[in-house]
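Just so you know, the sequence shown maps onto residues -18 to 261 in our numbering.
Beta carbons are placed, not taken as given, at the ideal position from N, Cα and C, and that holds for glycine.
Keep in mind the model is a prediction, meaning the values are calculated, not measured.
Below is one structure, written out as structure tokens, with a few remarks after it.
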Amino acid sequence: MLGKLLKHEWKAVWKVPTLLIGILMFTAVLAGLTFALPIWDSEWIGLPLSGMMMILLFYFAMIATGLGITIYFAVRYYKNMYTDEGYLTHTLPVSARQLLLNKVITMSAWSLIGGLAVIVSIILFGEVTFLSLASKDSTFARELAEAFAELPRAMAEIWYAPELKGINGFFASIVCLVLASSFSGTMMVVGSINLGQMVRKHRILGAVGAYFAINFAMQCLTTIIIMPVMILRIDSMYAEPSPFPVLTPMYFVMAAVSLAVAIGLYFVSEYLLRRQLELE
């Protein structure tokens, strides 16, 4: 039954986040293409400034994509579970666990997709910018093109440099942190909405307050746990030529804390849906 719920949920939600991601990609291409315009060769400061506005627009589009996806799913979760739509949702022949897993899996997946889309948009912006500058007949464009052409060889040479010792483990810690953050970010939203419903007359305000309280508690917990790790590794910071052996355990700890908090919020949310459910 969970599979059917996920299939229906995916069909119902894909349009809005896909639209946001499409706008982000379009903005990345548009911002990159501005470097092909002659305004950058102008001596009047107002023309390059207009080009910078496009780059700022791309920056705000990256922020808006992640924030927009989060807000969209938060509102949808609240409407589906606690408003008039909730009367239909909770009459489905499925358990509270299946309902919650359906929402959490879909939201976490789209959170991860949104984050990857931001990374892809940055790469796309860089590629379009490079092609735009390469199309211009200027010394700067030629030098930049030569630098990009030498980049793969330079990366191959420095990959095994002492300064990059432990970079593989560092990348693994980043991947773990991203995956854990996608889940924990979703559970912070879902958990906050579920906890906010306990404030009967001010549910939305209660959800917002719960979100900031959870975020603050999580930051404090992460700091308390990371500090001993950093103290134990402080000697390595000076002995190692590379910072990655020091940063890697820190990111693994952050991922573990995020995952632990997310799991705790999941079980709290499931309990509230099963035992403390009260629709508007």
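Backbone CA spacing between residue -10 and residue 85 [nearest angstrom]
11 Å
Residue -4: first and last residue of the uninterrupted alpha helix (DSSP H) it sits in
-4 to 14
Return the chain-ordered list of same chain residues with a C-beta closer than 8 Å to the C-beta of residue 202, the five sequence neighbours on each side being excluded.
238 and 242
Backbone CA spacing between residue 68 and residue 196 [nearest angstrom]:
30 Å
Kindly indicate which residue of 61, 4 and 170 has the alpha-carbon position closest to the one of residue 52.
170
Report all residues from its chain with a CB closer than 7 Å to the CB of residue 38; omit the five preceding and five following residues, and keep chain order.
8 and 12
Taking the beta carbon of residue 56 as the centre, do at least 16 other beta carbons fall within 10 Å, making it buried, or is it exposed?
exposed
Starting from residue 167, trace the alpha helix (DSSP H) both ways and give me its first and last residue.
148 to 177
With residue 64 as the anchor, note down where its alpha helix (DSSP H) starts and where it stops.
Neither: residue 64 is in no alpha helix (DSSP H) and is coded neither H nor E.
Cα separation between residue 185 and residue 176?
10 Å
is_contact[residue 74, chain D] using C-beta, thresh 8 Å
Among the chains of the structure shown, chain D does not appear; only one protein chain is present.
For residue 199, three-class secondary structure by DSSP:
helix
With DSSP run on the structure shown, which of helix, strand or coil describes residue 99?
helix
Are the CB atoms of residue 158 and residue 235 within a distance shorter than 8 Å?
yes
Whole-number beta carbon distance between residue 89 and residue 163, since they are thought to touch under 8 Å
5 Å
Identify whether residue 75 lies in helix, strand or coil by the three-state DSSP scheme.
coil
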